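Top to bottom, those sequences are chains P and G.
Counting in the working numbering, the first sequence runs without a single skipped number right up to 381 at its last residue.
Counting in the working numbering, the second sequence runs without a single skipped number right up to 522 at its last residue.
Worksheet for the structure shown next.
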Amino acid sequence: MPLREAGAVTGVGETQYLRGTDRTALSFQLEASLAAIRDAGLKPTDIDGLIPYGHGAVAEDFITNFGIEDLRFSATTPMGGASAVAAIQCALAVIQAGICKHVLLSLGRIGYSGGRIGTRVQQMPQFKVIGEFEMPLGAIAPAQLYAPMVRRHMELYGTTSRQLAEIAVTTRYHASLQTNATMRTPITIEDHQSSRMISDPLRLLDCSLESDGGAAVVISAPDRARDMAKRPVMVMGVAEGHPDSPSAITQRPDLTTLGLAKAAPKAFAMAGVDRADIDVAEVYDCFTYIVMCQLEDLGFCKKGEGGPFVQDGALGLHGRLPVNTHGGLLSQAHMAGMNHIVELVRQLRGEAAAQVSNAEVGLVTGYGDMGDGAIAIMRRA
Amino acid sequence: MAAVYDKLVPSPTPETQPYWDGLNQGRLRLQRCADCGKIRHYPRPVCDACWSMNTDWVDAAGTGTVHSWTIAHYAFHPGLKGDLPYILLTVDLPEGVRMNAQARGVEASALRVGLPVVVRFERVKNDLTLPVFEADFCRVS
Ligand SMILES: [Zn+2]
Chain P
1 MPLREAGAVT GVGETQYLRG TDRTALSFQL EASLAAIRDA GLKPTDIDGL
51 IPYGHGAVAE DFITNFGIED LRFSATTPMG GASAVAAIQC ALAVIQAGIC
101 KHVLLSLGRI GYSGGRIGTR VQQMPQFKVI GEFEMPLGAI APAQLYAPMV
151 RRHMELYGTT SRQLAEIAVT TRYHASLQTN ATMRTPITIE DHQSSRMISD
201 PLRLLDCSLE SDGGAAVVIS APDRARDMAK RPVMVMGVAE GHPDSPSAIT
251 QRPDLTTLGL AKAAPKAFAM AGVDRADIDV AEVYDCFTYI VMCQLEDLGF
301 CKKGEGGPFV QDGALGLHGR LPVNTHGGLL SQAHMAGMNH IVELVRQLRG
351 EAAAQVSNAE VGLVTGYGDM GDGAIAIMRR A
Chain G
382 MAAVYDKLVP SPTPETQPYW DGLNQGRLRL QRCADCGKIR HYPRPVCDAC
432 WSMNTDWVDA AGTGTVHSWT IAHYAFHPGL KGDLPYILLT VDLPEGVRMN
482 AQARGVEASA LRVGLPVVVR FERVKNDLTL PVFEADFCRV S
């Protein structure tokens, strides 16, 4: 049975986002989880399913700290930055199967104060292949592993660094409207163009932040969601997609297509809406280019036309497609996309700091590892 | 060759060891399905065309063309600081697979999709040889 409207987001929570802390990732994850549970009007013991972000808190931590007596389901969705959105599909499936009523998705990290994101990659099992064949050659960090995708897109389609800058500038402007964002000083295209080169063609301001904090969401069965604290946000369509050659970008037949290209048509078909129906999109933004490439893979424009599509403030609050209205990983905080889900829900409730007027239908994407993708389309109930 | 090699090194497995042994012998070897003949890279246990687990190895021509590239300006590992900036090429091999490796003697301004390159071998430490690419002047048009 399709998962259309098999669950609703009933609670969202975030900690203060920081660059510098002496706290543990676990304490951020639990604080954000409690905030999401409170937002839903639930007690921590009402949670009967857990899908924590990988490499963080485990089910035992929640059972112990929250006093959950009868946890019925726990799993992780190991897709890097696509994990949080992929977890929505997993949550809907276990709700529809009747296993759970309230599933908690959560993340806590000390990406700034703990291990750097770049060096952590080497220790992850899904990177064993590039760990052997690419890292010894000097291709180590995501910026270096992804840059050949960007260069290929530029050579094939004429995409420019200034077009990528548009994404950085718009996202930073959205962050400037938030109270909870770590980078709130607006930037210009020239600031982007003069930021130092990290891995050509990616500059510093093409790259996301390293952050400390936590974020969480509660997904509930539709029959429970109706009488909870906040107006529920229904999940209309959801899917995950794995790219060709998922462990090595080098071997991918088309360097400019991500796993999201496989997931997006499924999610739109399940939701029964089209691109023109999307009022707001929270698009995973570990790098500016990844936003542009996903907009193509989502079908907002043809492959290769992402550069012109993002120009001229198109992704701004009043643009043709408002994107990353919270400031994203580029300027709010790197919460591996859990903050993108939180923001979409706030937009569809009408309670966002930078609110898109009359936002009724929106989408959120995740992108992770070497191109894994996930998407959820939601509507205001 | 530096006195102490302080960069990341591979940890070969029984399935990948022949590739690294080949580099040490100055040969670029690729894994081939012993049943259907499909060449695959990077080395792995199963052929995705016929699911055979029987493998052998062939010597690659050692030529290729540039598919994409990046130029590293920031060292994500302390051992690479002295090498900045360095060019990392993604190269199409005539055998139908790709590989990446650093470029040698190629100006950034000369980089383009389709640039012909040829593989060379650099012994970086005892029992570790890495592939690099030079412009293939025999084929540059
Ligand atoms: Zn075969």
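Heads up, the beta-carbon is just placed ideally off N, CA and C, and yes, glycines get one too.
Keep in mind the model is a prediction, meaning the values are calculated, not measured.
Bridge-paired residues (DSSP) for A13/P: Per the sequence shown, the amino acid found at residue 13/P is Gly instead of Ala. DSSP output for G13/P lists A216/P as bridge partner(s).
Nonlocal neighbours in the same chain, by C-beta distance under 6 Å from L50/P, ignoring five residues either side: A59, F62, S74, L104
Contacts that G481/G makes with chain P (C-beta to C-beta distance below 7 Å): Just to set this straight, residue 481/G is Asn in the shown sequence, not Gly. Simply E134, L137, A139, T250.
Straight-line gap, S106/P to A32/P (C-alpha atoms, nearest Å): 7 Å
Where the beta strand (DSSP E) through K462/G begins and ends: Note, K462/G: premise wrong, no beta strand (DSSP E); not H, not E.
Cutoff 8 Å: E155/P Cβ touching any chain G Cβ: yes
Proximity to C431/G [Cα-Cα], best of R413/G, T444/G, H448/G: R413/G
Per-residue DSSP class, three states only, for F287/P: strand
Partner residues on chain G for M197/P, Cβ-Cβ distance less than 7 Å: H454
C301/P to D277/P span [Cα, whole Å]: 14 Å
Beta-carbon proximity of E240/P to A264/P, cut-off 8 Å: no
Any 3 or more C-beta pairs closer than 8 Å across the segment 400-418 of chain G and the segment 366-377 of chain P: no
Per-residue DSSP class, three states only, for S199/P: strand
Under 9 Å (Cβ pairs) to chain P, residues found in the segment 431-452 of chain G: H448, S449, W450, T451, I452
N-terminal and C-terminal residue of the alpha helix (DSSP H) that C382/P is part of: Absent from the model: residue 382/P. The displayed extent of chain P is 1 to 381, so no value can be given.
Three-state secondary structure (DSSP) of D382/P: The structure shown does not extend to residue 382/P, since chain P is modelled only from 1 to 381, so the question has no answer here.
Interface flag, D369/P vs chain G, CB-CB below 8 Å: no
Cβ-Cβ distance between M234/P and M378/P below 8 Å: yes
Same chain only: Cβ atoms within 8 Å of S208/P, ignoring 5 sequence neighbours per side: D285, C286, F287, G328, L329, L330, H334
Cβ neighbours of T170/P in the same chain (closer than 6 Å, five flanking residues each side left out): L315, G316
Near ligand 1: D437/G beta-carbon under 7 Å from a heavy atom: no
Residues of its chain near Y455/G, where Cβ-Cβ distance is below 8 Å and the 5 sequence neighbours each way are ignored: L465
Any C-beta of chain G under 8 Å from that of L255/P: yes
Cutoff 8 Å: Q163/P Cβ touching any chain G Cβ: no
Close-in-space but distant-in-sequence residues of the same chain around I99/P (CB under 6 Å, 5 per side omitted): R72, F73
Simplified DSSP state of Q355/P, which is helix, strand or coil: coil
Chain-order list of residues whose beta-carbon lies under 8 Å from that of L461/G (same chain, five-residue window excluded): K388, A453, Y467
Integer Cβ distance of L164/P from D206/P, believed to fall under 8 Å: 6 Å
Chain-order list of residues whose beta-carbon lies under 6 Å from that of S195/P (same chain, five-residue window excluded): R203, L204, L205
Contact set, ligand 1 heavy atom to C-beta under 6 Å: C414/G, D416/G, C417/G, K419/G, C428/G, A430/G, C431/G, S433/G
Sufficient close CB pairs (3 or more, under 8 Å) joining the segment 35-55 of chain P to the segment 78-91 of chain P: yes
Span of the alpha helix (DSSP H) around F518/G: Per DSSP, F518/G belongs to no alpha helix (DSSP H) and is neither H nor E.
Selection from E396/G, A441/G, D440/G, A442/G that minimises the alpha carbon distance to C428/G: E396/G
Closest Cα partner of T160/P within the set Q311/P, K266/P, L3/P: Q311/P
Top-ranked residue by Cα proximity to A181/P, from Y17/P, F133/P, S247/P, G41/P: Y17/P
C-beta atoms of G486/G and A516/G nearer than 8 Å: yes
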